[in-house]
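2 protein chains.
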Amino acid sequence: MFQAAELGRTLKKDAFEKLEPELRSQMLKAQLALRDSGLSVLVIIEGMDGSGRGSLVNRLYSWFDPRGLETHTFWDPSDEERERPYLWRFWRAMPPTGEIGIFLGGWYRDLVTDAVHERIDHVNLDRRIQEYVELERMLALDNVIVLKFWLHLPADVQRDRLSNEDSTPDDRWDKKGRHKAPKFRKRFIEVGERIIRQSDTALSPWFLVEATDARYRDVTVAQTIVRALNEHQAKMGGFAESAGVMGDSRQAPALPYEQSAMRTVLDQIDLDAKLSKSDYKKQLSDYQEKLKVLAWDAWRERRATVVVFEGWDAAGKGGAIRRLTAGMDARLYRIAQYGAPTDVEQRYPYLWRFWRDLPRDGRILIFDRSWYGRVLVERVEGFAADYDWQRAYREINAFEHEMTRHGIRLAKFWLHISPEEQLARFKEREETPYKQHKITDEDWRNREKWDQYRDAVNEMVFRTGTEYSPWTLISANDKRNARIEVLAHMEKLLRED
Amino acid sequence: MFQAAELGRTLKKDAFEKLEPELRSQMLKAQLALRDSGLSVLVIIEGMDGSGRGSLVNRLYSWFDPRGLETHTFWDPSDEERERPYLWRFWRAMPPTGEIGIFLGGWYRDLVTDAVHERIDHVNLDRRIQEYVELERMLALDNVIVLKFWLHLPADVQRDRLSNEDSTPDDRWDKKGRHKAPKFRKRFIEVGERIIRQSDTALSPWFLVEATDARYRDVTVAQTIVRALNEHQAKMGGFAESAGVMGDSRQAPALPYEQSAMRTVLDQIDLDAKLSKSDYKKQLSDYQEKLKVLAWDAWRERRATVVVFEGWDAAGKGGAIRRLTAGMDARLYRIAQYGAPTDVEQRYPYLWRFWRDLPRDGRILIFDRSWYGRVLVERVEGFAADYDWQRAYREINAFEHEMTRHGIRLAKFWLHISPEEQLARFKEREETPYKQHKITDEDWRNREKWDQYRDAVNEMVFRTGTEYSPWTLISANDKRNARIEVLAHMEKLLRED
């Protein structure tokens, strides 16, 4: 999940200075419009030590009009607060309509601290998170725009930051500096994943922000707030739940960014990975031999397997699937393909056709495209309403959780290629008679929306890359490499308990 | 909670026969309109042994057109079903658009059984319920109208039924008849309360139906289904979450009922209860003396108390509050009154002003009207949108849970009088110079909506009468009796741990 915030996203000083005046004017305009909108904004800022939550808030103050902006830190509760139900201190700090309230940590602060220090068990952690989901849901329906930001740092950056850290009055961690230990970081990330996964909803989503570079961090948060305000005001006349939070433009930056700030998880993939023909042949037959045995083992153990293939057009899904199944007994696996829903399928809830096709114990089902269509093609092409694809992340997580709880092993592949490689393959398809059926006008149209798809993939990996069902990103510019990466992952998966 | 289904609601044979033709024609019309609506209907029927779930379904079949109607019982899972995630069997039985699916028990069946037989602990019960809430939410947003009926019987009726029962292939309970023991009933009711409270949402509400009389039971379920269908179809063009399920007409019967079928929890109150002046005086000073001491005890123990007064206009709330506070030290309690929200209050979420006023540890706060305004006056007068008051039940339960978890003792009183008594009091107010300020045109207008308020109170008691915060219904035709009942309950409450 956090890989989506370890991309080295930065904004150079001159680019930042070019952006800043326009951003500030947008912020002030949005803030002015907010005043009579009947809406209020609640910004919750949580994240790692060293990620600069305080500096971020100070920058927001310098950009917004500080009138109509109030920040609450929720350090030690006062006796007034201790003598009332826990949530009272947050209610008394709630922003009125027309204003923006910033909660540093908010109701997540104590939860994170207690969970990291193991003062609360998983059961009670989950229960509490669920209560906050319902609380935020009520606020959203009562005209509060809830925006949650989680600031994240790669390990090395955090280490440097913490060794130079100023002490702040935030005493949630121990004073002896034990929170600087790598073990602590690991625990913090585990807790963060659990909290984000369970409290990330369409009405009050988490925005994961890489905080390595202060300029990038601040601009991203400010732009997200502005965009949410504009979206909501465009929809005014009652904030219906079906409106969702950020509409279609949730990812696309409102201001032109420089390239380094646009990195996604896909940029982490080394597209130069190559495999020689001989290596490929050797590894291929090696893995296929092993998978043949492992597939029978799974059958004997009555463990089912679900494999999801997603990727760019012409990324080589079909070829990878053929190499995966080549070694397996045809009685053990089935391949399910999904296009636009049929007439019959349209008469059921969205997930119905995927539920229908789930394999029996011991069998393998390969999904050539899947339920992720909703947050990819349906999102980008506008086939699904904003609120419908925004709520789909959570629904998909629940669906996959139900699978893994039953004992199903689940693999999810995204096959990544560069736009240049795609172009070359499209042209080859057009020129090769027996491949011509594989290329359509639609493929060319999709290609024009490369950036939108790339952002949708990034958000998908963040919101559905769960600990029980992570994504595997495949370097597929070299077909041989892609196939072996897929086989290697499958071999590992089928050996797991 | 179940007191709302132990009212002796019946429908005589001749009244039933007069209703039936019109009801059937409404059902067929609604079913026909459903066909092309893009909606489907999922009816979940759960409830007590002996409540006639099977007979109900058979009657629905005789009334509806059986084409487009499918019933699923979910007895022992097949091996096909066992070899897939648990919910698979329900997904394969999902009704397509245009049709009605009836699930006997549905996903609640195993949950009830496991909980009653203590094969699942509270933590896992709650977690599973929460998953079903999210599942039903997704279905509702994917155009499935989810209607859940819980059939209930008073203890004596159930005993009679079970002693004559035919055996059915439903083997969820043991065959030795241990489920007929009173201990079993108690357990079943506890589990039912827990499940209903947690899975009762605006999008998939539970309807509690008294099953003592088969005619009443069947007509009520059929009417509820018809009403839901009509409401939804009136709102078509996309089932937005904000539409809620049943709109404003959720309680008012579509067909004229006879009086016995209209009983509410208020009819269980003995309005003839009276107290002589001398008894009253003695008890009054007795209780006031005790409460004086108990209020100081609570202060020393640092336990806060919240007292909610709701009731009919002129039911005597003010007088009861004065008698309650008379004995107490004025430093320990405060009375908060609520009218229409002020300008400032309107700038915050609905519950904000009540959160704001919560007492510190050791203090007593008396709410003269309260957050229940949303499901009473705001509902009946149309000040709140349907979806807003429908979701309020759940939000109120969460709010009160947060209070009691902090250790606050909570009392909720409904002061009940007859319409005749109210009329007499209104007249007296008009005629008594120093009482004239207490009677307004609004009071007379509210009075005209007596039946709607009565139904709203009934639903409020069902949906917010939780085990941690039950309602106390007060017989208030006699003011002396009302005051002593209030004081007696307060004395008991303040002695509780």
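Residue numbers (my numbering), protein chains in the order written: chain G, 341 to 837; chain W, 341 to 837. Quick reminder that beta carbons are idealized off the backbone N, C-alpha and C, glycines included.
Residue i at chain W interface by Cβ criterion, 8 Å
| i | result |
| --- | --- |
| residue 341(G) | no |
| residue 409(G) | no |
| residue 482(G) | yes |
| residue 427(G) | yes |
| residue 698(G) | yes |
| residue 417(G) | no |
| residue 545(G) | no |
| residue 474(G) | yes |
| residue 729(G) | no |
| residue 437(G) | yes |
| residue 738(G) | yes |
| residue 719(G) | no |
Whole-Å CB distance - residue i paired with residue j, under 8 Å assumed
| i | j | result |
| --- | --- | --- |
| residue 385(W) | residue 396(W) | 7 Å |
| residue 717(W) | residue 729(W) | Incorrect: roughly 10 Å between the Cβ atoms, too far for contact. |
| residue 831(G) | residue 634(G) | 7 Å |
| residue 839(G) | residue 559(G) | Missing from the structure shown is residue 839(G); chain G here goes from 341 to 837 and no further. |
Chain G contact for residue i (CB, 8 Å cutoff)
| i | result |
| --- | --- |
| residue 592(W) | Model confidence at residue 592(W) stands at a pLDDT of 48, short of 50, so the residue's coordinates are unreliable and nothing is read from them. |
| residue 608(W) | no |
| residue 847(W) | The structure shown does not extend to residue 847(W), since chain W is modelled only from 341 through 837, so no value can be given for it. |
| residue 830(W) | no |
| residue 652(W) | no |
| residue 680(W) | no |
| residue 746(W) | yes |
| residue 701(W) | yes |
| residue 479(W) | yes |
| residue 833(W) | no |
| residue 362(W) | no |
Contact under 8 Å by Cβ, residue i with residue j
| i | j | result |
| --- | --- | --- |
| residue 601(W) | residue 349(W) | yes |
| residue 342(G) | residue 462(G) | no |
| residue 620(W) | residue 757(W) | no |
| residue 636(W) | residue 755(W) | no |
| residue 543(G) | residue 370(G) | no |
| residue 424(G) | residue 700(W) | yes |
| residue 704(G) | residue 648(G) | no |
| residue 749(W) | residue 664(W) | no |
| residue 628(G) | residue 666(G) | yes |
| residue 472(G) | residue 539(G) | yes |
| residue 606(G) | residue 797(G) | yes |
| residue 389(W) | residue 479(W) | no |
| residue 609(W) | residue 813(W) | yes |
| residue 840(W) | residue 412(W) | Past the edges of chain W, shown from 341 to 837, lies residue 840(W), and the structure says nothing about it. |
| residue 746(G) | residue 426(W) | yes |
Residue burial classification, residue i (beta-carbon count within 10 angstroms, cutoff 16)
| i | result |
| --- | --- |
| residue 488(W) | buried |
| residue 776(W) | exposed |
| residue 387(W) | buried |
| residue 722(W) | exposed |
| residue 345(W) | buried |
| residue 526(W) | exposed |
| residue 541(W) | buried |
| residue 740(G) | buried |
| residue 645(G) | buried |
| residue 616(G) | exposed |
| residue 836(G) | exposed |
| residue 737(W) | buried |
| residue 795(G) | buried |
| residue 625(W) | exposed |
Proximity test, residue i beta-carbon vs the ligand FAD heavy atom, cut-off 7 Å
| i | result |
| --- | --- |
| residue 600(G) | Among the components modelled here there is no ligand, and therefore nothing to report on the ligand FAD. |
### Any 3 or more C-beta pairs closer than 8 Å across the segment 452-469 of chain W and the segment 797-810 of chain G
With the cut-off at 8 Å, the segment 452-469 of chain W and the segment 797-810 of chain G do not touch.
### Query
At a cut of 8 Å, does the segment 786-797 of chain G reach the segment 759-769 of chain G through at least three beta carbon pairs?
With a cut-off of 8 Å, the segment 759-769 of chain G and the segment 786-797 of chain G count as touching, because enough Cβ pairs lie within range.
### Query
Quick one: any contact between the segment 471-485 of chain W and the segment 549-563 of chain W, if contact means 3 or more CB pairs under 8 Å?
They do not touch, by the three-pair rule.
### Task
Mind the definition here: the segment 817-837 of chain G touches the segment 650-669 of chain G only if three or more C-beta pairs lie below 8 Å; say whether that holds.
Result yes; three or more Cβ-Cβ pairs closer than 8 Å.
### Query
Contact between the segment 674-686 of chain G and the segment 700-712 of chain G: three or more CB pairs below 8 Å?
At 8 Å Cβ cutoff, the stretches touch.
### Query
Can we say the segment 435-443 of chain G touches the segment 685-702 of chain W, given the rule of at least three CB pairs closer than 8 Å?
Contact holds between the segment 435-443 of chain G and the segment 685-702 of chain W, because three or more Cβ pairs, one in each stretch, are under 8 Å apart.
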